[in-house]
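Here the sequence shown stands for residues 691 to 790, numbered as in my numbering.
A short write-up of the structure that comes next.
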Amino acid sequence: MSANNHELNKFPWKHVIGLALSLILTLLALWVVVSLSLPTVATLTIIVLLAICQAFIQLLMFMHINENHGRGYRILAIAFGFYIAAVVVYGSLWIMWFTV
């Protein structure tokens, strides 16, 4: 078996761990909202912090941002991700605002 063939047959533990961490953070955010009686500002702060943690997990585990593609590639990939996120958020707000 060659080295390339071994890499193709390797189980994607990194993706499984990323999925598990993402699910844990999502369930933790749900638990904070449903079970705790915190003030709105505290609840939103916790949710935003959990979302930032989950974004980093997504970047590292699924988007392979730590692989060696060069600095320019990483900056472009992150900028494109922010662009897509902004389009989705502002597009959704625009649709909700102008749909009667």
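Virtual Cβ for every residue (Gly too), placed ideally from N, Cα, C.
{"Item": "Does DSSP put Gly771 in a helix, in a strand, or in coil?", "Value": "helix"}
{"Item": "So what's Met753 in DSSP terms, helix, strand or just coil?", "Value": "coil"}
{"Item": "Output the boundary residues of the alpha helix (DSSP H) element that contains Ser725.", "Value": "703-725"}
{"Item": "Confirm, please, whether the CB-CB distance from Leu749 to Leu718 is below 8 Å.", "Value": "no"}
{"Item": "Could you check if Met786 is buried or exposed, using at least 16 other CB atoms within 10 Å of its CB as the buried criterion?", "Value": "exposed"}
{"Item": "Indicate the three-state DSSP secondary structure (helix, strand or coil) for Met691 in the structure shown.", "Value": "Per-residue confidence for Met691 stands at a pLDDT of 49, beneath the threshold of 50, marking its modelled position as unreliable; no derived number is given."}
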